[in-house]
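Count along the sequence shown from 1, then add 131; that gives the number in the working numbering. Don't be surprised by glycine CBs; every beta carbon is placed ideally from N, CA and C. Bear in mind that the values here come from a model prediction, so they are computed numbers and not experimental data. Notes to accompany the following structure.
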Amino acid sequence: KKLCRLLKYMAFRDYKSKILKGIEEDDTEEKLVNLNNANKRQKLAQDFLNSIDQTGELLALMEDDEIDEVKQERMERAEKQTRSMDSAQYAEFCESRQLSFSKKASKFRDWLDCSSMEIKPNAVAMEILAYLAYETVAQLVDLALLVKQDMAPKTCDPFAHAVSAAYIHNRNTSELLVQTPFLKSNPDSPENTPPATPNPPSAGTPHQSKGQPGALGNGSLGLDMGKTKQRKRKKSAAAGGIESNDAIQPGHIREAIRRYSHKIGPLSPFTV
């Protein structure tokens, strides 16, 4: 499946380069040259698979049009994660999904230590390595999310995975419509309660002079500003704690790697 996914990615890169170049020349020879250059990735993959394939099984993957079940499940999990996001979270989520190793090719090349290699990888080889690294990270993240889900307490609805996003949106909208007239008709709500009448100062209380800092002076304003800053710090700390709890932890990654390398089968306890 990973090889089939790589072949589809290389075909997509060829189509993208073909569109960017814009094959609209009048000369027929230039058209043929551009067509051959546009499919260079697929031709390189076909030549390499032809050199190592003895049964024709690998070459058949280039014409495989079946749905990738792994990628389909990955997209479904991503869609379920976006159901409870607001517009800002969804924008950040979409921006994060666009990250790849090909955009940081220089850093990825330094991480591979290409300078110490005898045979330097060309641009196509770097595209393949970047895509394989991206798929490896995607597998680790998917399995880490499943590990995190297994470790979380099961307090949610067991049928939540079968609920569509449209149903959740319609249910939330109907609940808001039901709660709105209740708040307006409830006399005890803060919206309809008039503000309390301030008590006039007693005659025995002396008025403070303008020069002295009173309860309504700069000292009170400074205390109020200090309390406001403390509240903001508490809110930001609470938000940071929530985000850290929702994020994948290193323990989830280690458990995912352990499960990924664990041998599965009836004879797995007896294998080395």
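Whole-angstrom distance between residue j and residue i, CA atom to CA atom
i: TYR140; j: ARG240; result: 20 Å
i: TYR265; j: SER231; result: 6 Å
i: ARG136; j: GLU194; result: 12 Å
i: GLN173; j: PHE143; result: 10 Å
i: LYS238; j: SER246; result: 12 Å
i: TYR146; j: TYR262; result: 17 Å
i: LYS152; j: LEU180; result: 27 Å
i: THR186; j: LEU192; result: 12 Å
i: ARG385; j: LEU271; result: 9 Å
i: ASP196; j: LEU277; result: 28 Å
i: VAL201; j: ASP273; result: 10 Å
i: TRP242; j: LYS235; result: 11 Å
i: ALA222; j: HIS383; result: 25 Å
i: GLN280; j: ARG214; result: 17 Å
i: ILE259; j: MET282; result: 35 Å
Endpoints, the alpha helix (DSSP H) within which residue i is located
i: ASP195; result: Segment: none, ASP195 is in no alpha helix (DSSP H) and carries neither H nor E.
i: ILE250; result: First-last for ILE250: undefined, no H or E at that position.
i: PHE232; result: Premise fails: PHE232 is in no alpha helix (DSSP H) and is neither H nor E.
i: LYS139; result: 133 to 152
i: MET257; result: 254 to 282
i: HIS383; result: 381 to 392
i: GLN173; result: 171 to 183
i: SER218; result: 218 to 228
i: ALA191; result: 188 to 191
Local Cβ density within 10 Å of residue i, reported as buried at 16 or more and exposed below that
i: LEU190; result: exposed
i: LEU138; result: buried
i: SER392; result: exposed
i: GLU188; result: exposed
i: GLU210; result: exposed
i: ALA256; result: exposed
i: ALA387; result: buried
i: ALA219; result: exposed
i: GLU204; result: exposed
i: ALA269; result: exposed
i: ALA275; result: buried
i: ALA176; result: buried
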